Amino acid sequence: MKVKKIIENIITIIATESHNVRRDVNLIAILVLAPLFYSFFYSSVYLNKVERDVPMAVVDLDKTFSSRELIRLLDANSNISVKSELEFPDEKLLRNGMVQGIIVIPKYYERKLKRHEKNTIKVYLNTSRFLISNDLNKGINETVASINEKIKTSLFKAKGFTTEQSRILSEPVELEIRNLFNLLDSYGYYLIPAVLILILHQTLLIGISESIANSRETNEIIRWKRNYGIMTTLTAKGIYYTLLYSVYLLFFTIIIFPLFGIDFKGNYIVLIITGFLFLGSVVYFGIFISSFFKKKLYALQIMALTSYPIFLFSGYSWKLDAMPILIKSLSYAVPFTPYINLFTKLSQAGAGFKNLMPEIFHLIILILIYLYASYIRIHKLNEV
Amino acid sequence: MNLTTIYRVAKREFRGMSRISLFISTALPLILILIFNSIYEKEILRELPVVVYDCDRSELSRKLTRLIDASPSMEVIDSYFSIDRIEEAFKDGNTEAIFFIPSDFEHSIKRGLQSRIIVYKNSSNIITSNLILKDATTIIKTFSAGVLLNKFEKNSLSEKLAYPLVNPIKIETSSLYNPNYSYLSYLPPGLIAFTLQIAIMLSTSLIINSEFSGKTFGDLLSISHLDTALIFIGKFLPYFTLYFLMSLIILFIIFPLYNITMNGSYIILLLLFIILIAINVNSGILISSLYNNQLFATELTIFINTPAFILSGFTFPIWAMPSFHKALAYLMPFTYFLEAFIKIIRAGASIFDISSELAALVFFTIVTFAAANIALSYRINKSIR
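Each protein sequence line maps, in turn, to chains A and B.
Residues 1 to 384 (our numbering) make up the first sequence, in order.
Residues 385 to 769 (our numbering) make up the second sequence, in order.
Below is the structure:
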């Protein structure tokens, strides 16, 4: 009888919450429109996934067939676009961003090549933006390595070896790189999944915060305790928002991922179960945080400022071990941290429950802590 | 008379700020800025866990393993690894890369045959993946060159003569503006500017509509004698001053505190910050004059501002974005600000080097100023009617 009553109460609260959300334009914007719009908008920024044709300039002090061949090969590399030829390495072009690098081919470049003398080309790189300078550097190194390879091979061929023998002799140890999970080393492939999870985390956090702050503004919180009890209300809210956002989780992995060429290698049952844990922990985290705000405006303002720090200290872009202990502790307290780690392993490596246990335990602990903390907070609010 | 009125409006604005509003507009952004700097305080990623799957277990393979372990970016956590565990190691997330050394590694090299090292790397994180690619390439190329050099020397060729044969063209790279590839010098300055912008917009997008929600607009009109310009200046100045002081704290306390190098002129930089603050306070007044609903005004501010950092081209170049995003990026003042900001602090750019960005920012200042004044005037007239 008691269980039946609890279930009835939970259904009533879910229906009320759903009604409240549908009636509130601000909540509709945060909980419905924002996840849909942002998922398309942010993913499409990286539609081209990799950057190509980084502009660079060349100073050719040799002006021979070999130096022109080097320039042609540099321009042919997909990462590089030779925009201009200069008389001297004019740093002004780097400073004002016209080019991202300048390569200087020295005088007597061809003569030194032919005489097998020490030959050095100088590269000036603008390293103020890492992705650009990395790609340019990679392109230059690949081009020069291929020329070096040709020169060494021709040297051995001149000594009577066959082409294949020469190739082997010129490079005794060969390196083969096999990319796992992000075959093209693409920035889009790297960032899109994390951005999608961040959109879920932040819109849910903001939505919940607005909803709870609204309940405080309208004294609805007092009615909760009187009519249904705190734990029943918290459970019902948890179920409602978790179910609502599970739909987005599936939508992102089934529709958005293939649309933008991202693979999902995981098992959908694992996705759903771990997704419940993630969304549940975000709901209670949101309830706990927002219980400190009397106005939903303040809740919205504060939550809006947290998106970038939550992403940056999650360990997704910068290793957690490299962060100070205080930041690391803060990071562990946010559900995004364990889940982005879990989601990356699940979606990219196809990890199963066994591999995801540390993150699953982490999420369960966060749910329990924030559920309890929310209970205490709301209990105290009622006393006031 | 006018100055007294402006002073009264400004004083009223300061007094009207609640403690939590002050916290959100000033203390919270500063806390976030400290967090951004602390995240990257180690500047460079080091000792990423890698595994060596050594099937050869020879002297040469151990030498190669030691070279990998000695690299600053990698730490060998396991060198006697089982092939069955390769997939599991990546699924568990314990390693960033696995170096596979074949069983005939030393034998092949000694017999003059080619040997192949395979590196399986977790490229789902492009930052660690690029670092491993760079260092793995350097290590293997150096190792290979060493073997070749050894071979030439055995054929009585001196190192001086043999070296150009091993490495015919050498690249000498000068990394300008951030030579140590420090993440602390790279990311936090952009994030700090972005945090400042969003904080300004969040607080100023409520400065007119809050008068309506607090039913104090009539009082404001009577103090200002219905003069749009006086209200505008009186509302503009407190926030401008507040955020100018915050910019000074950022440049003269936070930057030196975290050793963020600053290569340009502080005067040009302050001029740039003044323009950024002016544009954002203008935009805030515009939004708060147009929309009475404070919650909606805040949501709109968040909606407009959140993509600004991503679209600025700071982390992913604008030229690689689709046309629609490219157009949006160029419609955002923050794109020009950040471009100029980075050029000044990193490359020590002069005012001439940033002239195009400066021109765009001045244009945005004029447009937002005009739009904010028109919107405020409309709001005042509507209220009077």
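Note that beta-carbon positions come from the ideal geometry of N, C-alpha and C, so glycine has one too.
What you are looking at is a predicted structure, and each value in this text was computed from that prediction instead of being measured.
{"Query": "Three-state secondary structure assigned by DSSP to Lys-505/B", "Result": "strand"}
{"Query": "Beta-carbon proximity of Ile-132/A to Val-58/A, cut-off 8 Å", "Result": "no"}
{"Query": "Contact set between the stretch 452 to 478 of chain B and chain D, restricted to residues whose Cβ is under 9 Å from the partner", "Result": "As a matter of chain content, chain D is missing from the structure shown, whose protein chains are A and B."}
{"Query": "Range covered by the alpha helix (DSSP H) that runs through Asn-551/B", "Result": "That residue, Asn-551/B, is in no alpha helix (DSSP H); it is neither H nor E in DSSP."}
{"Query": "For Phe-474/B, the first and last residue of its enclosing alpha helix (DSSP H)", "Result": "469 to 476"}
{"Query": "Secondary structure of Asp-462/B, DSSP reduced to three states", "Result": "strand"}
{"Query": "Residues near Tyr-190/A in its chain [Cβ-Cβ closer than 7 Å; skip 5 each side]", "Result": "Asn-182"}
{"Query": "Members of the stretch 83 to 103 of chain A that neighbour chain B once the beta carbon cut-off is set at 8 Å", "Result": "Glu-91, Lys-92, Leu-94, Arg-95, Asn-96, Gly-97"}
{"Query": "Straight-line gap, Met-357/A to Leu-198/A (C-alpha atoms, nearest Å)", "Result": "21 Å"}
{"Query": "Spatial neighbours of Val-384/A in its chain, beta-carbon cut-off 8 Å, leaving aside the 5 residues before and after", "Result": "Because the pLDDT at Val-384/A is just 46, under 50, the model does not fix this residue reliably, and the value given afterwards should be weighed accordingly. Correct list: empty, nothing qualifies."}
{"Query": "Residues that Phe-483/B bridges to, as DSSP identifies them", "Result": "Val-436/B, Val-503/B"}
{"Query": "Same chain only: Cβ atoms within 7 Å of Thr-143/A, ignoring 5 sequence neighbours per side", "Result": "Leu-73, Leu-74, Asn-77"}
{"Query": "Close beta carbons around Ala-373/A, own chain, < 6 Å, minus the five adjacent residues each side", "Result": "Phe-288"}
{"Query": "CB contact check: Val-384/A to chain B, cutoff 8 Å", "Result": "Here Val-384/A scores only 46 on pLDDT, less than 50, and its place in the model is too uncertain to base an answer on."}
{"Query": "Closer than 7 Å at the beta carbon, the chain B residues around Lys-345/A", "Result": "Lys-475, Gly-477"}
{"Query": "Three-pair Cβ contact test at 8 Å for the stretch 210 to 221 of chain A versus the stretch 519 to 531 of chain B", "Result": "no"}
{"Query": "Start and end residues, alpha helix (DSSP H) containing Pro-55/A", "Result": "It is not in any alpha helix (DSSP H) - Pro-55/A instead sits in the beta strand (DSSP E) that spans 54 to 60."}
{"Query": "Runs of alpha helix (DSSP H) lying entirely within the stretch 555 to 617 of chain B, each at least 4 residues, in chain order", "Result": "567 to 588, 593 to 597, 601 to 608"}
{"Query": "Cβ separation of Leu-366/A and Ser-281/A, assumed to be a contact under 8 Å, to the nearest whole Å", "Result": "4 Å"}
{"Query": "Contacts around Ile-694/B, its chain only, beta-carbon distance under 8 Å, and the 5 residues preceding and following it disregarded", "Result": "Phe-700"}
{"Query": "Rounded Cβ spacing between Phe-698/B and Arg-129/A (contact assumed at less than 8 Å)", "Result": "7 Å"}
{"Query": "Bridge partners - Ile-151/A, DSSP secondary structure assignment", "Result": "For Ile-151/A, which the question treats as bridged, DSSP gives no partner whatsoever."}
{"Query": "Contact list for the stretch 607 to 628 of chain B against chain A, Cβ threshold 7 Å", "Result": "none"}
{"Query": "Residues from the stretch 425 to 446 of chain B in contact with chain A, defined by Cβ distance under 7 Å", "Result": "Glu-425, Lys-426, Leu-429"}
{"Query": "Cβ-Cβ separation, Ile-493/B to Ile-634/B (assumed contact under 8 Å), whole Å", "Result": "That belief does not hold up - the Cβ atoms of Ile-634/B and Ile-493/B are roughly 55 Å apart, past 8 Å."}
{"Query": "Reduced DSSP category for Leu-175/A - H, G, I as helix; E, B as strand; rest coil", "Result": "strand"}
{"Query": "Where Leu-381/A meets chain B, residues with beta-carbon distance less than 9 Å", "Result": "Those do not exist, as Leu-381/A stays about 17 Å from chain B at its closest Cβ, beyond 9 Å."}
{"Query": "Reference Ser-487/B, options Ser-739/B, Val-436/B, Ile-729/B, Ile-511/B, closest by Cα", "Result": "Val-436/B"}
{"Query": "Cβ neighbour criterion (16 or more within 10 Å) applied to His-609/B", "Result": "exposed"}
{"Query": "Stretch pair the stretch 20 to 32 of chain A + the stretch 105 to 115 of chain A: three plus CB contacts closer than 8 Å", "Result": "no"}
{"Query": "Minimum Cβ-Cβ distance from Ile-694/B to chain A less than 8 Å", "Result": "yes"}
{"Query": "Thr-203/A versus Lys-150/A, Ser-43/A, Leu-33/A, residue with shortest Cα-Cα distance", "Result": "Leu-33/A"}
{"Query": "Distance CB(Leu-234/A)-CB(Ile-582/B) smaller than 8 Å", "Result": "no"}
{"Query": "Same chain, Cβ closer than 7 Å to Ile-378/A, neighbours up to 5 away in sequence not counted", "Result": "Ile-221, Ile-230, Ser-291"}
{"Query": "Whole-angstrom distance between Ile-750/B and Ile-665/B, CA atom to CA atom", "Result": "Residue identity differs from the one stated: residue 665/B is Val in this sequence, not Ile. C-alpha separation (whole angstroms): 12 Å."}
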